[in-house]
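See below for the structure under consideration.
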Ligand code: N7H
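Printed below as a string of structure tokens:
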């Protein structure tokens, strides 16, 4: 979702003209083409990159587009472009730097991560095994415009790159616009960024429920949630790691499971079971706020659709759900952003934490925030369809991989939780994106119900880990 309330320019503390456009705000994306390439001639690449930099979209431009959207002003036809490099690409472009000491997940690359992510090892699409040095992210108002835009940029780099894979993404059409292929509205909850997002009445939140996070969690060279400023290399300042994952979704299997299992639970209907396993209804309305029926008005109100907590110690006037009566611990949004769930005496006891360590662990969910920037791929009638998942962060190990391995794939997370009548809960792995087994889940506050093994609904069919540099770093690369 766009960070749809931003500070006036005079109060923005981040150099938006340095930070590429997709990282903090999101390129406008009806359609997007990811072009993965190998650099075949480094010297010519520097020259051709130099001529391409003026076409790259930076965040100051995105902020202006977002503001125009809000005021209803006409938005000119918009072409977005970002450029990012893999570790292999950066080694070619920064000779003499073997990237020692950088995030090991990034340095080793996405192929090396498959085993620890519990991905299948045999189903990457053509091109993802080839040497990949970088990616162009070209956006446009429709598929043809984005494709033409990508073609034009590739043409400008034609003497120095070889395209190894093109991955076109397209938002879904009609009333499914903004919804991913299982049918759920996506892009609702994103972190607010201090120094960019306008605080609301609560100075620590932007929109209600949107915690403001220090920018160093997403771009290098700024304070992070621990107050530290990381700049592992001078050229990394104002850059961000980009995780790209081509995630195929088995839509028929998802709906068949909900239809078969819902009547065996007290959630009764497939729509309601699906909503509880995601944590939001198809419309985007959170089940914590509306556990029984969908609510379109709530879904469409940015002042309310993210304004809830999960944990027991949430402020009295905020809706919460400590015993998973309205949103099971296994649900996708609760796994990926457990909000106040660590703020629980049982967690302190289970981990035998000191008071200081307990205070610290309460902030864990905010330190794991990522900025998501994906887009669906494939048409509804295609078997091969899903999400071109993309997210930005300053550590792939501590953010994307942590979320996937330690929370999504872990049946025991969230730990130390109980039903209303004190039964221990083993949530199960994230039924949507979790990999591994067993694939059961425990839902319901009282009584709890154990769901039968779910099939794998989402599988990885290609991945690339990249770094999205600042304007100055791109200029430095072009200069050689
Ligand atoms: Fe998820 N889905 O439709 O099921 N995701 N996700 N995701 N996801 C979210 O709040 C989905 C994936 C996160 O702040 C929504 O914007 C699908 C990966 C995070 O409350 C929906 C796929 C990872 C959030 C989906 C997929 C994440 C989030 C609710 C793959 C990271 C924000 C809409 C095909 C490892 C949580 C919204 C918060 C929300 C779906 C992948 C992470 C509907 C289909 C791989 C952090």
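Residue numbers (this note's numbering): 1295 to 1774.
Cβ atoms here follow ideal geometry from the backbone N, Cα and C, with glycine treated the same way.
Just so you know, these numbers come straight off a predicted model, no measurement behind them.
Taking 7 angstroms as the line, does the beta carbon of residue i fall inside it for any heavy atom of the ligand N7H?
i	result
residue 1676	no
residue 1543	yes
residue 1626	yes
residue 1436	no
residue 1775	What the structure shows of the chain is the stretch from 1295 to 1774, and residue 1775 is not part of that stretch, so it cannot be assessed.
residue 1559	no
residue 1590	no
residue 1483	yes
residue 1614	no
residue 1698	yes
residue 1465	no
residue 1479	yes
residue 1422	no
Could you check which residue in the options has the C-alpha nearest to that of residue i?
i	options	result
residue 1361	1736, 1299, 1708	1299
residue 1314	1326, 1305, 1377	1377
residue 1441	1450, 1325, 1404	1325
residue 1465	1433, 1496, 1449	1433
residue 1660	1564, 1463, 1483	1483
residue 1619	1651, 1654, 1573	1573
residue 1602	1658, 1621, 1591	1621
residue 1288	1495, 1470, 1560, 1577	The chain is shown from 1295 up to 1774; residue 1288 falls before or after that span and cannot be answered.
residue 1675	1766, 1475, 1329	1475
residue 1435	1323, 1407, 1723	1323
residue 1429	1461, 1640, 1417, 1420	1461
By the three-class DSSP mapping on this structure, what secondary structure does residue i have?
i	result
residue 1517	strand
residue 1555	helix
residue 1365	helix
residue 1720	coil
residue 1484	coil
residue 1660	helix
residue 1304	helix
residue 1587	coil
residue 1736	strand
residue 1296	Confidence in residue 1296 is poor, its pLDDT being 43 and thus under 50, which makes the residue's placement too unreliable to answer from.
residue 1672	coil
residue 1618	coil
residue 1665	strand
residue 1755	strand
residue 1680	strand
residue 1700	helix
residue 1549	helix
residue 1352	strand
residue 1398	helix
residue 1564	helix
residue 1314	strand
residue 1524	coil
Work out the CA separation of residue j and residue i for me, nearest whole Å.
i	j	result
residue 1479	residue 1597	16 angstroms
residue 1704	residue 1336	43 angstroms
residue 1709	residue 1696	16 angstroms
residue 1768	residue 1593	40 angstroms
residue 1372	residue 1673	23 angstroms
residue 1568	residue 1575	8 angstroms
residue 1467	residue 1473	9 angstroms
residue 1670	residue 1578	17 angstroms
residue 1295	residue 1318	With a pLDDT of 41 at residue 1295, under the threshold of 50, the modelled position of this residue cannot be trusted, and the question is left open.
residue 1303	residue 1488	13 angstroms
residue 1545	residue 1521	42 angstroms
residue 1514	residue 1689	10 angstroms
residue 1680	residue 1502	30 angstroms
residue 1657	residue 1348	40 angstroms
residue 1355	residue 1562	47 angstroms
residue 1508	residue 1516	8 angstroms
residue 1612	residue 1495	14 angstroms
residue 1321	residue 1739	40 angstroms
residue 1630	residue 1702	7 angstroms
residue 1288	residue 1330	The structure shown does not extend to residue 1288, since the chain is modelled only from 1295 through 1774, so no value can be given for it.
residue 1343	residue 1756	26 angstroms
residue 1402	residue 1420	20 angstroms
residue 1765	residue 1368	27 angstroms
Determine the extent of the alpha helix (DSSP H) in which residue i is found, giving its start and end residues.
i	result
residue 1442	1437 to 1450
residue 1748	Taken as a continuous stretch (DSSP letters only), residue 1748 belongs to no alpha helix (DSSP H), as it is neither H nor E.
residue 1652	1649 to 1655
residue 1339	1336 to 1346
Could you please give the first and the last residue of the uninterrupted beta strand (DSSP E) stretch that includes residue i?
i	result
residue 1326	1325 to 1333
residue 1534	1534 to 1543
residue 1462	1455 to 1464
residue 1432	1428 to 1434
residue 1377	1374 to 1379
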